[in-house]
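Data block below; observations after.
Numbering (full-length UniProt numbering), first residue to last: 1 to 195.
Take a look at the structure:
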């Protein structure tokens, strides 16, 4: 489990194509205490540390993950959001994030303000029912509040810290982002349907 509070921007060092997967190597200081088998969220996707190097780690990313998320579009040199899994004593600064991406959305527009920036993202139909105004959404692993909600899109408001420390600081209209809806909404829906 994660909190959606990105710890750092890492850099993709290598992508080794395999028949039905990719071995992804990422540089980042979050690996200093990572052990084999630990979970690290990369742009919001929960990946398992398969090998560890000096300041880097490698994870195996299967085809389904590559197809369902924006990880399939990564190239060497791309920057990625990194967060280690939380522990029972971690402050939950964002919201409960599983690292199980539901779908991808596309950045539609950016609107700079004096002290923040609004980013509008296309909201795919399969997760619309889980998204509410002022509720939580995970975008590329970042826990964000829905500032505006439209029929086919949502808007998030990014403070300077988020712009400086995450991929949303430089992604542009047309770029894909990973979206994970709030797990609590999914559980409530399931409970109601089974009642």
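In this text, a Cβ means the ideal position worked out from N, Cα and C, and glycines have one as well.
- Residue 77 is classed as exposed because its beta carbon has fewer than 16 other beta carbons within 10 Å across all chains shown.
- The region 121–130 makes no contact with the region 27–39; the number of CB pairs closer than 8 Å stays below 3.
- By the Cβ test, the region 12–27 is not in contact with the region 145–158, since fewer than three Cβ pairs between them sit closer than 8 Å.
- Per the DSSP secondary-structure output, residue 194 pairs with nothing in a beta bridge.
- CA-CA distance, residue 90 to residue 161, rounds to 20 Å.
- Closest in C-alpha terms to residue 67, from the list 158, 137 and 103, comes 103.
- The DSSP-derived three-state label of residue 173 is coil.
- In the three-state DSSP reduction, residue 62 falls in the strand class (E or B).
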